[in-house]
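**Q** Let me give you the structure first, and then I'll get to my questions.
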Amino acid sequence: MKFNSDKIDEDGRFEDGEGREYRYSVGDNGALLIWEKEAGGYIDKKAEPFVTYGPAAWFSVVGDAKSSQDNPPARVRGL
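So that you can map any letter, position 53 of the sequence shown is 53 in UniProt numbering, and since no number is skipped, the others follow by simple counting.
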């Protein structure tokens with residue numbers, strides 16, 4: 001997701017100048033969910049969306065979709 005004030009890094013990612021990146025996903029009801037994470041970090045499974053837009057409030061989005069690479073690595077029990 002790109003906000004108007006964002007700059008594009010050399011690797012093509014959008015970053016807000018304060019070390020945060022944003023990802024998007026679409027909810028079951030069509031709402032656009034925006035997720036915030038530290039650059040190079042992960043989005044916690046219990047995290048709430050940074051912002052939510054109702055299905056009637058948007059018609060297109062440009063940026064990085066939320067993916068499994070944004071999830072923290074699995075922990076191995078017993079170690």
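C-beta atoms are modelled at their ideal positions from N, C-alpha and C, and glycine is treated no differently.
1. Check Ala31 in the structure and name its three-state DSSP category.
2. Looking at Gly47: is its Cβ nearer than 8 Å to the Cβ of Gly19?
3. Which of the three DSSP states is assigned to Ser68 in this structure?
4. Nearest CA to the CA of Pro49: which residue from Phe59, Trp35 and Ala57?
5. Specify, as a first and last residue, the run of the beta strand (DSSP E) that Val76 falls within.
6. So for Glu18, helix, strand or coil by DSSP?
7. Apart from the five residues just before and just after Ala31, which ones in its own chain have a Cβ nearer than 7 Å to its Cβ?
**A** So, from the listed chains and residues:
1. By one-based count along the sequence shown, residue 31 stands at place 31. In the structure shown, Ala31 sits in coil (DSSP, three-state: anything other than H, G, I, E or B).
2. Locating residue 47 in the sequence shown gives position 47, where the first residue counts as 1. Locating residue 19 in the sequence shown gives position 19, where the first residue counts as 1. Position check: residue 47 holds Ala in this sequence, whereas Gly was assumed. Contact: no.
3. To locate residue 68, count along the sequence shown from 1; it is residue 68. The answer is helix: DSSP assigns Ser68 an H, G or I state.
4. Against the sequence shown, residue 49 aligns to sequence position 49. The shortest C-alpha separation from Pro49 is found at Trp35.
5. Working through the sequence shown from its first residue, we reach residue 76 at position 76. It is not in any beta strand (DSSP E) - Val76 carries neither H nor E in the DSSP assignment.
6. Here the question's residue 18 lines up with position 18 in the sequence shown. Coil at Glu18, not helix or strand.
7. Your numbering for residue 31 matches position 31 in the sequence shown. So the list reads Thr52, Tyr53, Gly54 and Pro55, once near-sequence residues are dropped.
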